[in-house]
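Colleague: Residue numbers (my numbering), protein chains in the order written: chain A, 12 to 155; chain B, 12 to 155; chain C, 12 to 155; chain D, 12 to 155; chain E, 12 to 155; chain F, 12 to 155.
Yeah, the Cβ is synthetic: ideal placement off N, Cα and C, and Gly gets one too.
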């Protein structure tokens, strides 16, 4: 959740022209991806700048957690995604969906992961599932 | 949470004229009821259209859950309402409040149900209680 | 959750002879109903005896919550049961099941209530559903 | 969470001139502090006006909980803050941050409290940590 | 969580001789694996025998969720494991660890999955992490 | 939650003679304090011995979190206690109660902290409150 500058494999997704195509179908359920990123980066900078040792080390450790090891990065991001979905954190889901898009996870893989979160977490997860699917479609449009 | 077209017993509540009266007292705590419904229907369609068997069956099963059986529909909707409140899901609360309005549950019954959610779930529930009461009053205005 | 001495309509259920029949089929999933009650009563006494105003008033308020009003006692106990199930608190489920047995709620009504908790809360609820069903069967044996 | 009129030690913080300085750096993550307060006060009045005994007593009891006793008010507000953070309730966090500002808790004390919430609650807490820090900075600007 | 008879690839793990080696190092944190399985199977039979349509369909759907699709079975079981860990359900963790053992997931893969659950869920997860590691070591001893 | 060897200021509390007095009033609600400690230390050793970098750093960071800074150790332990109570983790509550006893927190301070957890978390917290009070009384007996 805390990486400030992950290598972006799909920079095209973030170009201004694709942002326009996003605007063509306005986002309805709250913060846009661009607003989310801007707020996240601004506050991460403010938090890390405070110099609280525990918080700063936790942010660094959080980044390490998703690096390749016995499991590859894609699997780890899917684990982070499903954990975020059952704990019902939209911002965390958005973050991991963004990373999954960068790792070229397929739409079918995303839906199967979300289906596990839905069955484990129940109907209370459905509003978050809707926002996750909306985000994923937004990311697909940006990547075109 | 997933029914696409529940029989509406109180169609008057959804007429354009009552929507105007709602606008006279603007909704302060986020998405309006109309925006919530639109987003929900659009995303339900997108999700179900994907054809993921597990998700689609879960959505169908969710609908079956609240049908009359040993318990009547009103009691089941109140059970769904209180479960949604203690799990602190505003969208789920909104959905069950809408269904309760359609089933002509009284304001006193709603408040007693909410009071159980408050006592079981504690003060952390209060912000969701506020939004639930605001939604209920909105539904009452729409039904007039 | 805190009532110390609810009027018991089915005192036969708590007679020593029925306790024997329970012992014939030993309880597998942890504390027996008798141990639960003993621990609960002993600790409630210790807690209330401490004289902490906030805690004591909360315990009193908790009792008031389930008294008849716009909704009857049975409906309120079912609301407490489902709230407890989705929040996955075995002791709270046991308490409300005991009250439901006293209020002569039927097995079918219990199962429909539990099914709502299962759908709202997801598969994570299943272990608690198992223990709830085991408790209910225990209460039925005690009531024979 | 429910006090309607806590003694405000720092009334300057709420003066119209400081509200202007807030507007100079617009709030990005949702409801402004002023909107939050307005909605909270309007709905508290509507809820308490309903006359539901359980809800009204709970609101009164909630206020009593944070009064000085064996622990002082500042410590109690920090306990409320961390409990709200690990339960991931932004509105509750905002409320306790406001009270902490009134009690002249320092920025370092706030960050250490938040760090405990982060370690106990994990990375799922991070989006709420960001909003908490953003709120605290907003409160500091208002108090200048 | 609900499969009654998954194909067991490692039947040796469940032979009586390996059960003896388990008993040589007694299990300290509650129910043994054998007790867990027995209780689970007995109650699943009682629940499914009740014939509640919603519950029975949910149990069937839960089984379908972890079948191979765009993602393979091992990845899906790891997703179920991490979801169970962050939601802090020991029985669910035990179930998915058992399935992971059957699918020959390595100890390093289990630890990396658990580490994601720990970082996402925070220190509140640690007691469940301990029990998960104890279970996994028990499963390894049974498989020797 | 993870410190292996906190400086013990009240070693008398752990002497064998006081353990006897504990046994005179047997513990009813599960694992005894001694069993809890033994299991915790054995598993912490197994987990840390595995050498997973993320887990080991998190355990180290968890220890740092409760060291004195802008807030003193006692306040931080109370923050950890209330966070653990509202998240309903008995083992975490036991750990922080043990540390509070070592830091000579008074019974009244413990009860006020628990009362905040009760009000924030609601009646679902009550079973954990009972076990917390039982643990605290056990710790007081051990310290005599």
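If you count every other CB in all the chains shown that lies within 10 Å of the CB of residue 132/A, and 16 or more means buried, which is it?
Modeller: Buried is the call here.
Colleague: With 16 as the cutoff for other CB atoms within 10 Å, does residue 51/B come out buried or exposed?
Modeller: It counts as buried.
Colleague: Is the Cβ-Cβ distance between residue 85/C and residue 45/C less than 8 Å?
Modeller: The answer is no: Cβ separation not under 8 Å.
Colleague: Check whether chain E comes within 8 Å of residue 72/B, counting only Cβ atoms and requiring the distance to be less than that.
Modeller: It does: the Cβ of residue 72/B has a partner Cβ on chain E nearer than 8 Å.
Colleague: Quick check on residue 145/D - is its C-beta less than 8 Å from some C-beta in chain B?
Modeller: No - not a single Cβ of chain B is within 8 Å of the one on residue 145/D.
Colleague: How about residue 109/D and residue 127/F: are their beta carbons less than 8 Å apart?
Modeller: No, they are not a contact pair.
Colleague: Can you check which of these residues, 81/A, 55/A, 120/A and 67/A, is closest to residue 82/E by C-alpha distance?
Modeller: It is 120/A.
Colleague: Grab the span of the alpha helix (DSSP H) containing residue 81/C for me, first residue to last.
Modeller: From DSSP, residue 81/C is part of no alpha helix (DSSP H); its letter is neither H nor E.
Colleague: Which class does residue 111/B belong to by DSSP, given the choice of helix, strand or coil?
Modeller: Helix, per DSSP.
Colleague: With H, G and I counted as helix, E and B as strand and the rest as coil, what does DSSP make of residue 100/F?
Modeller: If DSSP states are grouped into helix, strand and coil, residue 100/F belongs with coil.
Colleague: In the DSSP assignment, find the unbroken alpha helix (DSSP H) run with residue 45/B in it and report its ends.
Modeller: Residue 45/B -> alpha helix (DSSP H) spans 44-60.
Colleague: Please tell me whether residue 110/A has its Cβ less than 8 Å away from any Cβ of chain D.
Modeller: So no, residue 110/A is outside the interface.
Colleague: Does any C-beta atom of chain C lie closer than 8 Å to the C-beta of residue 122/F?
Modeller: Judged by the 8 Å Cβ criterion, residue 122/F is in contact with chain C.
Colleague: Residue 127/A lies in the alpha helix (DSSP H); which residues open and close that run?
Modeller: Unbroken alpha helix (DSSP H) run through residue 127/A: 118-132.
Colleague: With DSSP collapsed to three states, give me the class of residue 85/E.
Modeller: Helix.
Colleague: I want to know whether the stretch 88-107 of chain E touches the stretch 148-155 of chain C - three or more CB-CB distances under 8 Å.
Modeller: The stretch 88-107 of chain E is not in contact with the stretch 148-155 of chain C.
Colleague: On the DSSP letters alone, give me the boundaries of the alpha helix (DSSP H) that residue 144/C sits inside.
Modeller: Per DSSP, residue 144/C belongs to the alpha helix (DSSP H) from 137-154.
Colleague: Are there 16 or more other CB atoms within 10 angstroms of the CB of residue 94/E, so buried, or fewer, so exposed?
Modeller: Buried is the call here.
Colleague: Strictly under 8 Å for the Cβ-Cβ distance: is residue 148/A near chain B by that measure?
Modeller: With 8 Å as the cut-off, residue 148/A counts as an interface residue toward chain B.
Colleague: Please compile the residues from chain B whose C-beta is within a distance smaller than 9 Å of the C-beta of residue 132/F.
Modeller: Those are 132, 133, 134 and 135, listed as they occur along chain B.
Colleague: Shorter than 8 Å from the beta carbon of residue 76/C to some beta carbon of chain B?
Modeller: Yes, residue 76/C counts as interfacial toward chain B.
Colleague: On the criterion of 16 or more Cβ atoms from any shown chain inside 10 Å, does residue 142/B qualify as buried, or is it exposed?
Modeller: Classification for residue 142/B: buried.
Colleague: Rounded to a whole number of angstroms, what is the C-alpha to C-alpha distance between residue 125/D and residue 99/F?
Modeller: Cα-Cα distance, rounded: 19 Å.
Colleague: Rounded to a whole number of angstroms, what is the C-alpha to C-alpha distance between residue 68/D and residue 69/C?
Modeller: Going by the C-alpha atoms only, they are around 9 Å apart.
Colleague: Is residue 92/B closer than 8 Å to residue 139/B when the C-beta atoms are compared?
Modeller: Going by C-beta atoms, residue 139/B is not nearer than 8 Å to residue 92/B.
Colleague: Is there at least one Cβ from chain A nearer than 8 Å to residue 153/F's Cβ?
Modeller: Residue 153/F does not count as touching chain A.
Colleague: If you measure from the beta carbon of residue 58/E to each beta carbon in chain A, is any gap under 8 Å?
Modeller: So, not an interface residue.
Colleague: From the DSSP output, in three-state form, read off residue 63/D for me.
Modeller: Three-state result, residue 63/D: coil.
Colleague: Just to confirm, is the Cβ distance from residue 145/F to residue 134/E under 8 Å?
Modeller: No, the Cβ-Cβ distance between residue 145/F and residue 134/E is not below 8 Å.
Colleague: Report yes or no: is there a C-beta of chain D within less than 8 Å of the C-beta of residue 102/A?
Modeller: Chain D, which has a Cβ nearer than 8 Å to the Cβ of residue 102/A, makes this yes.
Colleague: Can you name the residues of chain C whose CB is closer than 8 Å to the CB of residue 93/B?
Modeller: The answer, in chain order, is 90, 93 and 94.
Colleague: Using the C-alpha atoms, what's the distance from residue 130/F back to residue 137/E?
Modeller: Going from the Cα of residue 137/E to the Cα of residue 130/F covers about 25 Å.
Colleague: Along chain A, which residues have their Cβ under 9 Å away from the Cβ of residue 126/D?
Modeller: Chain A residues near residue 126/D: 63, 64, 65, 66 and 69.
Colleague: Output the distance between the C-alpha atoms of residue 47/F and residue 103/F, rounded to the nearest integer angstrom.
Modeller: Distance between the alpha carbons of residue 47/F and residue 103/F is about 11 Å.
Colleague: To the nearest angstrom, report how far apart residue 6/F and residue 53/F are at their CA atoms.
Modeller: Residue 6/F lies beyond the range of chain F shown here (12 to 155); nothing can be said about it.
Colleague: Please confirm whether residue 148/C and residue 57/E have their CB atoms less than 8 Å apart.
Modeller: It is a contact, given that the beta carbons lie within the stated cut-off.
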